[in-house]
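In what follows, a structure is listed as structure tokens, so that the remarks can point back to it.
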Amino acid sequence: MRHWFGLMVCLFFGTAQADTVAVAVAANFTAPMQEIAPLFAKATGHEAQLSFGATGKFYAQIKNGAPFDVLLSADASTPTKLAAENMAVASSQITYAKGQLVLWSAQAGYVDNAGEVLKSGTWQHIAVANPKLAPYGAAAQEVLQQLQLADSAAQRTVLGENIGQTYQFVASGNAELGFVAASQVMKNGQLQSGSAWVVPATLYAPIRQDGIVLQRASANPAAQALLDYLQGPEARTIMQAYGYAF
């Protein structure tokens, strides 16, 4: 009886210490985070409830009281802004990954490995995430400007609300090509389908992706535990497989 009582006490306190963390996840980080969440639960006992979308929209939702505990942003400026506005815990901010931009087409052989297709003029539509909401969209706009193609592409650009919708525009054929995150089309350094040009990092500002604990979760141990876990080897191995750097 003493043994069973002790076991029940351990189980009770183990359960009591497990917490849930509501995570707003930038759309580009969907695939790796879906793999990381169950491993985080197994390692810590905490459960991560995931919502995916555009960083800009998450910012607006958080400002309006959305019940998120952690923001995994597609940029560094949004978490910094939330901290400055006392909506997030400044000391918790980390860079969990650095993203990579890719020009992608669902058609094999359509995009060459130097991105010359952009200058060919044979395409009718190019998909780009809304640069006002999505940092990958802002990076794509910067690339077009650097290549002096922004004006010619403007009338043929299809704007996605986030990088997930942008990918769908290209995957469905509604746009012949588009700028997406490497994590959406590559794994372990291999293109999963279609054709792609990995855009040189010299053509756009680094896509530093930061995470931060939001003020409402300052006393939630699962929130900080998630950010700690993202900096560990298990999570980083998954991120590297999807083309992220640190």
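Numbering (the working numbering), first residue to last: 853 to 1098.
For each residue, glycine too, the CB sits at the ideal point set by N, CA and C.
When the five nearest sequence neighbours on each side are left out, the beta carbons in the same chain lying within less than 6 Å of the beta carbon of residue 934 are those of 940, in order along the chain. In summary, residue 896 is buried, with 16 or more beta-carbon neighbours lying within 10 Å of its beta-carbon over all protein chains present. The closest CA to that of residue 952, considering only 979, 973, 925 and 988, is found on 988. In the structure shown, the three-state DSSP call for residue 1062 is strand. Per the coordinates, the alpha-carbon of residue 893 lies some 44 Å from the alpha-carbon of residue 1006.
In this structure, 991 is the residue among 975, 991, 973 and 974 with its C-alpha nearest to the C-alpha of residue 981. Comparing alpha carbon positions, the residue from 1016, 919 and 984 closest to residue 1068 is 919.
Around the beta carbon of residue 1028, 16 or more other beta carbons sit within 10 angstroms, so the residue counts as buried. Proximity to residue 899 across 873, 915 and 972 peaks at 873, based on C-alpha coordinates. Of the candidates 905, 944, 877 and 956, 956 places its Cα closest to the Cα of residue 1045. Secondary structure of residue 920 (DSSP, three-state): coil. When beta bridges are read from the DSSP output, residue 904 appears opposite 877. If only complete runs of 4 or more residues are kept, the region 1013 to 1063 shows the alpha helix (DSSP H) at 1015 to 1023 and 1034 to 1037, in order along the chain.
For residue 974, there is no enclosing beta strand (DSSP E), as DSSP gives it neither H nor E. Straight-line spacing of the CA atoms in residue 904 and residue 932 works out to 20 Å. For residue 949, the enclosing beta strand (DSSP E) has its first and last residue at 946 to 951. DSSP, reduced to helix, strand and coil, places residue 899 within a strand of the structure shown. The beta carbon of residue 999 is closer than 7 Å to those of 970 in its chain, skipping five residues each way along the sequence. With a beta-carbon spacing of about 6 Å, residue 1012 and residue 979 fall inside the 8 Å limit used to define contacts.
Cα atoms of residue 1073 and residue 1089: separation of roughly 24 Å, rounded to the nearest angstrom. In the DSSP assignment, residue 1001 forms no beta bridge with any residue. Short of 8 Å from the beta carbon of residue 902, and not among the five residues preceding or following it, lie these beta carbons of its own chain, in chain order: 875, 877, 885, 886 and 889. Within a 10 Å sphere around the beta-carbon of residue 921 sit 16 or more other beta-carbons, which makes this residue buried.
Beta bridge pairing from DSSP links residue 957 with 1047. Residue 1047 is positioned such that its CB atom lies no closer than 8 Å to that of residue 1094.
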